[in-house]
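Residue numbers for the sequence shown follow the numbering used here, so the first one is 917 and each next one is one higher. Don't be surprised by glycine CBs; every beta carbon is placed ideally from N, CA and C. No experiment lies behind these values; they were computed from the predicted model shown.
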Amino acid sequence: MSGWDLYLLGFSVVFATGPVLLRTALIWRRTGRNPVHLESPETPMGCVQLWLGLALVGYGAIIGLKVFWPAAFILLPRFAMLAQPVVWAAGVGLTLLGLLVAWLAQAQMGASWRFGVDHADTPPLVTSGIFAVSRNPIYLSIMLAAIGVFLLLGDALTLVLLVLAVSQLTVLVRLEEAFLRTVHGAAYADYTSRVGRFLTLIGR
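Shown next as structure tokens:
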């Protein structure tokens, strides 16, 4: 097991337990509400959540294959030009950036953090801090991390999962935006005119 493999394994565990499991448990304990709202796959939101979840589980499976069963992993079609230290270093940088963005965004949202739409409880609109640069920094962090993991793995199946994850995130964002426009009205419209969907000046 190489140092790159150890990093991949450590990153996947930290990203899954920190921004996801621990943050969910913390908010649930603090507010008494589960911040994760999954809908039926028969609804547009539920369908997107399902495919996004499958993509992220697929990432975890391929990382597990790379670390614990490398003989099977090398059978996957690979992009040979990515198999070099400078590309792996870029992958480490992007995954760490994704983790940092997720941590900052969730810390600044506090108990307002949600995954999905909670029709029974509308949190206040957060527009300061990192949210003054990106309307959806947590989803941006997932994209950054997904790209970074692809650079570290460099196989065709991970590229397919990357395309699937990014496409579902862009749809999920638009579904959540429709809800936010309804509950926050003019305040949200003003916010979207100033700050991009993922980065300032992009998707305003």
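Rounded distance between the beta-carbons of Val1065 and Gly1112, thought under 8 Å
About 24 Å; that fails the 8 Å criterion.
Supposed contact pair Leu1069 and Ile943 - C-beta distance, whole angstroms, cut 8 Å:
The C-beta separation of Ile943 from Leu1069 comes to about 31 Å, leaving the pair out of contact by the 8 Å criterion.
Whole angstroms are fine: how far does the CA of Arg1090 sit from the CA of Gly980?
Roughly 32 Å between the two C-alpha positions.
How should Ser918 be labelled, buried or exposed, when 16 other C-beta atoms within 10 angstroms of its C-beta is the threshold for buried?
Ser918 comes out exposed.
How about Leu992 and Leu1088: do their beta carbons lie closer than 8 Å?
No, these two residues do not count as a Cβ contact at 8 Å.
Nearest to Ala1061 (by Cα), restricted to the options Leu1010, Tyr975, Val1076:
Checking every option, the nearest Cα to that of Ala1061 belongs to Leu1010.
Hey, Glu1092 and Val1003 are a contact pair by Cβ (cut 8 Å); roughly how many whole angstroms apart?
Between Val1003 and Glu1092 the Cβ distance is about 33 Å, and since that is not below 8 Å, they are no contact.
Write down the C-beta distance between Leu1077 and Ala971 rounded to the nearest angstrom, noting that I regard them as a contact closer than 8 Å.
Confirmed, about 5 Å.
Between Leu966 and the rest of its own chain, which residues show a CB-CB distance below 8 Å, the 5 nearest in sequence each way excluded?
Exclusion of the five residues before and after Leu966 leaves Pro957 as the residues of its chain whose Cβ lies within less than 8 Å of its Cβ.
Evaluate contact between the region 1012-1027 and the region 1040-1057, counting only Cβ atoms and requiring at least three cross-stretch pairs below 8 Å.
Yes, the region 1012-1027 touches the region 1040-1057.
For Leu922, three-class secondary structure by DSSP:
Looking at Leu922 - three-state DSSP - the assignment turns out to be helix.
For Leu937, count the other beta carbons within 10 Å of its own beta carbon; 16 or more makes it buried, fewer makes it exposed. Which is it?
Result: exposed.
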